[in-house]
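One structure below.
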């Protein structure tokens, strides 16, 4: 049941327990208990809204930063990740395989603000060996959802 | 003087759905729950294969019965789904949608006066296609109290020495009714005893919500050789516009079907056939995902109907619910027309699928939950109004 609950919530965090129970053919109590459990176990870590900020008057700049680091003795990458994700500007941090170590998503008001954060805060960290900043120009699809307005229903209104 | 038009064709009633469609299309801002096709677009990996075939310049006819590659994939599917082997070279033909398969089966098998037993409510084309093939339709009126399943008693009652074929339209459009393997076995017993044949339209077979694998009459020993199995890609793979289906059966019948198909159609669209190979080969997961989604909507719609006190038996297949509107003392058409003009929601009157559909409406749930919510809110308003609340 967990996977099914998660699949629905991932697409619609606002769904109420009754409707969720109906969709899955389960009892409301069972669904509510399962969700509470998953919150406790940190499987469900939050309920977010997918916003296309481009359609608001609120200007935002998002950058993806590749970060190369020297892992620390005993603590590996986790300690450095912690140093990085503490900053409010940092939206997401992932440890990567391949040519660099972390992907860091940063949000700022302007490109300058983001660049400054990288040069003033991120790059000077002692274990950071190098960074490469890529600004996001346009988001087409996020969290599995296409951000442009949905296309019209092309189907005939009535068909057998 | 010679008559311009064929009397046989003139004698066929235009589809009741068409009439309603004309009213709906003039209505501004109407939301429709009247569609008989998936709301999903064809999964991308299937479309991609179609595009690739065009890029490669595969723009020619295929053999009349279709791409061998596709027929082999269909045989594999039937084996893994139902455990029934088919010879890809002689027992399968690709058609232009399931509809063509129905037409071909009738034309290949019927002699003038042969009776075709058609359970209704059911898809709109069995009856006219039987007439066009010089068959005589014999209607069985399925009952809600039987969950719109075909019972052995009803079947026996309609069988005469002239009975040639039984159309088995399950999972059913418009009722969503499904036959279990035990029920199919009972029907099969009669079929064998009375020496008749079956055209089993299983276009919705992948969309069953019983939690068990779908059953087919071809699984009953001896029935594979008495059945023309009709299926296609429209519903399971959301490929309605590609117009692609298939028919499987005994090779002597399939050979005659291919003959008609060859002269009428030549071959099914080549692009669609290449795309369908990908669908059959790699599509099981995509189908399962869509099935889960339909099942959630099915539960949602049934819950809403229950709350508005609109009685509806629980359908276990396809993507329709078929609630009864008998307590409002209106015909299905009156109900549907008033719902359309007063709340701007289009549903299909049940009698469009046969007289026994009178007193019911077909609601399709091949829509997003959001669309369903809005439309059902409106239906709920309409019913509250009728109930004088």
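Protein chains in written order, with our numbering: chain A, 4 to 163; chain B, 6 to 394.
From the three backbone atoms N, C-alpha and C, an ideal C-beta is built for every residue, glycine too.
To which residues of the same chain is residue i closer than 6 Å at the C-beta, ignoring the five residues directly before and after it?
i, result
"residue 272 of chain B", "66, 67, 69"
"residue 164 of chain B", "199"
"residue 21 of chain B", "357"
"residue 179 of chain B", "126, 325, 327, 358, 367"
"residue 313 of chain B", "385, 388"
"residue 338 of chain B", "354"
"residue 83 of chain B", "89, 91"
"residue 143 of chain B", "120, 122, 163"
Just grab the DSSP bridge partners of residue i for me.
i, result
"residue 144 of chain A", "A:149"
"residue 133 of chain A", "A:71"
"residue 325 of chain B", "B:369"
"residue 350 of chain B", "B:36"
"residue 138 of chain A", "A:66"
"residue 161 of chain A", "B:39"
To the nearest whole angstrom, what separates the beta carbons of residue i and residue j, a pair I think is in contact under 8 Å?
i, j, result
"residue 161 of chain A", "residue 25 of chain B", "6 Å"
"residue 182 of chain B", "residue 359 of chain B", "At roughly 13 Å, the Cβ-Cβ gap does not stay under 8 Å, so residue 182 of chain B and residue 359 of chain B are not in contact."
"residue 134 of chain B", "residue 92 of chain B", "26 Å between Cβ atoms; not a contact."
"residue 373 of chain B", "residue 44 of chain B", "7 Å"
"residue 64 of chain A", "residue 112 of chain A", "7 Å"
"residue 161 of chain B", "residue 203 of chain B", "Not a contact, Cβ separation roughly 15 Å."
"residue 331 of chain B", "residue 364 of chain B", "4 Å"
"residue 254 of chain B", "residue 275 of chain B", "Going by Cβ atoms, the distance from residue 254 of chain B to residue 275 of chain B rounds to 24 Å, so no, they are not a contact pair."
"residue 303 of chain B", "residue 214 of chain B", "6 Å"
"residue 371 of chain B", "residue 48 of chain B", "In fact, because the Cβ distance is near 15 Å, the residues do not count as touching under 8 Å."
"residue 223 of chain B", "residue 87 of chain B", "6 Å"
"residue 92 of chain A", "residue 109 of chain A", "5 Å"
"residue 16 of chain A", "residue 51 of chain A", "7 Å"
If you follow the beta strand (DSSP E) that residue i is part of, which residue opens it and which one closes it?
i, result
"residue 71 of chain A", "64-72"
"residue 122 of chain B", "120-125"
"residue 94 of chain A", "93-98"
"residue 111 of chain A", "105-111"
"residue 142 of chain B", "141-146"
"residue 250 of chain B", "250-253"
"residue 99 of chain B", "97-100"
If I measure Cβ to Cβ from residue i and keep anything under 8 Å in the same chain, skipping five residues before and after, which residues do I get?
i, result
"residue 74 of chain B", "282"
"residue 405 of chain B", "Any question about residue 405 of chain B goes unanswered here, given that chain B covers just 6 to 394."
"residue 4 of chain A", "27, 29, 33, 34, 37"
"residue 321 of chain B", "176, 181, 182, 183, 213, 214, 215"
"residue 141 of chain B", "118, 119, 120, 121, 135, 167"
In terms of residue numbering, what span does the alpha helix (DSSP H) encompassing residue i cover?
i, result
"residue 48 of chain B", "Neither: residue 48 of chain B is in no alpha helix (DSSP H) and is coded neither H nor E."
"residue 83 of chain A", "81-88"
"residue 20 of chain A", "20-27"
"residue 12 of chain A", "5-14"
"residue 30 of chain B", "21-30"
"residue 385 of chain B", "374-391"
"residue 135 of chain B", "131-137"
"residue 336 of chain B", "Looking at the DSSP string, residue 336 of chain B is not in any alpha helix (DSSP H), and its letter there is neither H nor E."
"residue 83 of chain B", "73-87"
"residue 33 of chain A", "31-43"
"residue 76 of chain A", "Per DSSP, residue 76 of chain A belongs to no alpha helix (DSSP H) and is neither H nor E."
"residue 119 of chain A", "114-120"
"residue 14 of chain B", "12-15"
Go through its chain and collect everything with a Cβ distance to residue i's Cβ below 7 Å, but skip five positions before and after it.
i, result
"residue 352 of chain B", "38, 39, 341, 344, 366, 367, 368"
"residue 104 of chain A", "70, 71, 72, 80, 98"
"residue 399 of chain B", "Absent from the structure is residue 399 of chain B, since the part of chain B shown begins at 6 and ends at 394."
"residue 102 of chain B", "237, 239, 248, 249, 250"
"residue 114 of chain B", "169, 170, 202, 258"
"residue 75 of chain A", "82, 83, 130"
"residue 152 of chain B", "182, 318"
"residue 190 of chain B", "225"
"residue 263 of chain B", "69, 70, 98"
"residue 138 of chain A", "64, 66, 114"
"residue 411 of chain B", "Outside the shown range of chain B, which is 6 to 394, sits residue 411 of chain B, and nothing can be said about it."
"residue 7 of chain A", "27"
Hey, is residue i's beta-carbon within less than 8 Å of any beta-carbon in chain C?
i, result
"residue 160 of chain A", "You won't find chain C in this structure, because its protein chains are A and B."
Complete runs of the alpha helix (DSSP H) confined to the stretch 259-306 of chain B [at least 4 residues]: 275-287
What residue ranges within the stretch 154-238 of chain B form continuous alpha helix (DSSP H) runs of no fewer than 4 residues, ordered along the chain? 157-163, 186-199
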